[in-house]
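Student: Below: one structure in structure tokens.
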Amino acid sequence: MTTQAPVETTMETKPLLMKVRGMSMSYGAGPAENKILENLDLDVEYGQFISIVGPSGVGKTTLLRCLSGLLKPKAGTIEVSGTKINGPHPDLAVVFQDYSRSLMPWMTTRENVAFPLQGKGIGKAERNKLADEHLAAVGLEGQGGKFPWEMSGGMQQRVAIARALAYNAKVLLMDEPFASVDAQTRFDLEDLVLDLQHKLGVTILLVTHDIDEALYLADKVVVIAEKPATVVDEIVTGFGETRDQLATKADPRFTEARARILVRLRQD
Amino acid sequence: MTNATLNAPAVPSRASKAKAPSSSAAAGRKILVSSWLIVAVVAAWWFGSANSTNFFIPSLESILEALVRDLGNGVIISGAWYSLSNLFVGLALAAFFGICGGLLLGEVPLLLKIVDPIIHFFRAVPQAALVPMIIGVFGMGQGPKMGTIAFACMWPILLNTIDGILGIEPTVRKFSKVYRIPRGLHFRRVILPGATPQIVAGIRVALPIGITVMVVSEMFASIEGLGFYILNSSATFKVPETWAGALLVGVIGYIISILFVLVEKRILRWYHASGAQ
């Protein structure tokens, strides 16, 4: 165990929270080996919002599963706060794509949010208090007694976000978290996540196939493509903290970056 | 726009007004729909058998007379008590071993592969056929009867528990892994509730099996219970008593299954309300 973050040799101004080097992933072996990811590098700074964008089927979900420790990469290393990780880690929380499957219908929303805290050994009163606080933070104040199936899709995904935040991880990994909700709800959730990120200073890594969403949310967009997939481009957006669904998306830098990503993805 | 807003409240209020009387009428109709046939069958039985001259088909009146008499003098009550205690202990054992075994086999695929053929063999054997063997080996006390019921009822519970475990949403398992839920907690709060709908369905299937085996087990080397009452009255040509015993077993089975449905609705409220089935 290291006692402090290692000194970076590169020119980054902020220390790295997460560092991925040479990560490869494949299924099967020998001639039937199906290579999904190859030699992937990724730097995540403290407090950064990173979008990973790529076409459907490129291996984004595999990438996120490797990062979350659910899958063991065939090669390469993943470090969090300077420590190599080897499986699920308390500094990493995941918001799954399908809220209706990842929330447990036999638990109230409060129980759903508090449950991972129980796993951490936090006492009942304390974890219920934390659950209520985080439900309030995602705009679900006083709804802890409801069951997930009594709520709309957008509200359920808010519960899933509250659960991830309450877990108090350093990095939130989000796997196409807004893919199953309608457009207006999607915009609301995007703005909610941006707001929470600024308030709580949490670092977010979001995977999406939606270029607009990737650009709108991120400080840095990482484009993955090709087969096996690897990082083909990185764009620092520079939109700052305040974003607006209309103004930001009309920003010339936004349209320029979108065109650049589209062209890059079309080459495949 | 204004028009629509003005009209808007009128629509739901009319709908809710129309809904109130129709829902109570619907409830009345529902009771009528599900009860008229029972009344008709009982009436047909009563009048059809009233003047029966066939010794083996007594009149319903004489059957009920025998039933009321033997309920009153305690003959049936003690028999029913004996039978039901066997049934409940047997079912409880079946549920315990079926659920524990199912959890283990559902979570360990290799083990399931090994024992799968054996499970399906035992499930395919008509459980009543095992009664003479088990009682022959273990004797005629209450214990072997409970054991036989437990053995017979365990299979559907075991198989359904396995199905329930295998049917658990993979995302929920991923959630447990990522959030590092400790094993015991994961079992108690994720796996067990997730499999509960199937477990409960297995117990529902096991109930009539248990009642059948309960009666059959008391027809072998037994001097107590409802099965014995039926067999004994038949052997001594007390035909109305024989019918009364069979009728009573049917009624008991019916009441147990109704009670079970009520319990099930409570336990699985989330399941039915969420439309997860």
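Chains E and X are the protein sequences, given in the same order.
Residues 72 to 339 (the numbering used here) are what the first sequence spells out, left to right.
Residues 4 to 280 (the numbering used here) are what the second sequence spells out, left to right.
Backbone N, C-alpha and C fix where the C-beta goes; we use that ideal spot for every residue, glycine too.
Are three or more beta carbon pairs between the segment 96-111 of chain X and the segment 155-171 of chain X nearer than 8 Å?
Tutor: yes
Student: Measuring CA to CA, which of E:L265, E:G311, E:P299 and E:S251 is closest to A208 (chain E)?
Tutor: Closest option to A208 (chain E), Cα to Cα, is E:L265.
Student: With distances taken between CB atoms, is the gap from G228 (chain X) to S86 (chain X) smaller than 9 Å?
Tutor: It is a contact, given that the beta carbons lie within the stated cut-off.
Student: Can P219 (chain E) and V166 (chain E) be called in contact, C-beta distance under 9 Å?
Tutor: no
Student: Which residue from E:T256, E:I295 and E:P299 puts its Cα closest to that of Y98 (chain E)?
Tutor: E:P299
Student: Taking the continuous alpha helix (DSSP H) assigned at E116 (chain E), which residues delimit it?
Tutor: Run containing E116 (chain E): none in the alpha helix (DSSP H); it sits in the beta strand (DSSP E), N105 to E116.
Student: Chain X beta carbons: is any one of them nearer than 9 Å to that of A164 (chain E)?
Tutor: Cβ-Cβ to chain X under 9 Å: yes for A164 (chain E).
Student: With contact counted as at least three CB pairs below 8 Å, one residue from each stretch, are the segment 232-252 of chain E and the segment 269-281 of chain E in contact?
Tutor: These segments touch.
Student: Determine the contact status of G225 (chain E) and D253 (chain E), defining contact as a CB-CB distance below 9 Å.
Tutor: yes
Student: Closer than 7 Å by C-beta to T279 (chain E): which residues in its own chain qualify, once you throw out the five before and the five after it? Chain order, please.
Tutor: S122, V124, E247 and A285
Student: Just the Cα atoms here: how many angstroms apart are A196 (chain E) and A185 (chain E)?
Tutor: 10 Å
Student: Starting from M136 (chain X), trace the beta strand (DSSP E) in both directions and tell me its first and last residue.
Tutor: No beta strand (DSSP E) holds M136 (chain X); the alpha helix (DSSP H) holding it covers V134 to F141.
Student: With a threshold of 6 Å on Cβ separation, who are the neighbours of G230 (chain X) within its own chain once the five nearest residues in sequence on each side are excluded?
Tutor: V218, E221 and M222
Student: Following a CB-centred definition, is T245 (chain X) positioned closer than 8 Å to any heavy atom of the ligand PLP?
Tutor: The ligand content of the structure shown is nil, which means the ligand PLP is not present either.
Student: Using only the alpha-carbon positions, how far apart do G150 (chain X) and D119 (chain X) sit?
Tutor: 22 Å
Student: In whole angstroms, what separates the C-alpha of Y257 (chain X) from that of Q168 (chain E)?
Tutor: Each residue's Cα considered, the two are about 45 Å apart.
Student: Report the neighbours of Y238 (chain E) on chain X: residues whose CB is nearer than 7 Å to its CB, in chain order.
Tutor: Y182
Student: I want to verify the contact list: residues of chain E whose CB lies under 7 Å from the CB of E172 (chain X), in sequence order.
Tutor: Residues of chain E passing the Cβ test: R172.
Student: Is the beta carbon of A69 (chain X) sitting closer than 9 Å to the one on E244 (chain X)?
Tutor: yes
Student: Mind checking I187 (chain E): buried by the 16 CB within 10 Å criterion, or exposed?
Tutor: Strictly speaking, residue 187 (chain E) in this sequence is Pro, with Ile absent from that position. Label assigned to P187 (chain E): buried.
Student: Output yes or no for whether 9 Å exceeds the beta carbon distance between L67 (chain X) and A249 (chain X).
Tutor: no
Student: Among X:A131, X:F124 and X:K116, which one has its Cα closest to the Cα of T215 (chain X)?
Tutor: The candidate whose alpha carbon is nearest that of T215 (chain X) is X:A131.
Student: Which one of X:I138, X:I259, X:R192 and X:K241 has the shortest CA to CA distance from R207 (chain X)?
Tutor: X:I259
Student: The segment 122-143 of chain E: which residues have C-beta closer than 9 Å to a C-beta of chain X, in chain order?
Tutor: R136, S139, G140 and L141
Student: With 7 Å as the C-beta to C-beta threshold (strictly closer), list the residues of the segment 147-181 of chain X near chain E in chain order.
Tutor: E172, T174, V175, K177, F178, K180 and V181
Student: Taking the continuous alpha helix (DSSP H) assigned at T326 (chain E), which residues delimit it?
Tutor: P323 to R337
Student: Could you tell me the boundaries of the alpha helix (DSSP H) in which F125 (chain X) lies?
Tutor: Start and end: P112 to A127.
Student: When DSSP labels each residue in this structure, what does M157 (chain X) get in the three-state scheme?
Tutor: helix
Student: Should P248 (chain E) be flagged as near chain X, meaning a C-beta pair shorter than 9 Å?
Tutor: no
Student: Please name the residue in X:R126, X:G167 and X:I137 whose C-alpha comes closest to that of I212 (chain X).
Tutor: X:R126
Student: Enumerated in chain order, which unbroken segments of the alpha helix (DSSP H) with a length of 4 residues or greater are wholly contained in the segment 195-220 of chain X?
Tutor: Those alpha helix (DSSP H) runs which fall completely within the segment 195-220 of chain X and span 4+ residues are 195-220.
Student: So G205 (chain X) and I168 (chain X) are supposed to be a Cβ contact under 8 Å. How far apart are they, rounded?
Tutor: Actually they are not in contact, since the Cβ atoms of G205 (chain X) and I168 (chain X) sit about 12 Å apart, beyond 8 Å.
Student: Need the endpoints of the beta strand (DSSP E) that T98 (chain E) sits in, please.
Tutor: According to the sequence displayed, residue 98 (chain E) carries Tyr and not Thr. Y98 (chain E) -> beta strand (DSSP E) spans L87 to Y98.
Student: P185 (chain X): which of E:R324, E:G192, E:Q214 and E:K200 sits nearest, CA to CA?
Tutor: Answer by Cα proximity: E:G192.
Student: With a Cβ-Cβ cutoff of 9 Å, do I165 (chain X) and L115 (chain X) count as a contact?
Tutor: Yes, these two residues count as a Cβ contact at 9 Å.
Student: For chain E, is any of its Cβ atoms less than 9 Å away from the one on V111 (chain X)?
Tutor: no
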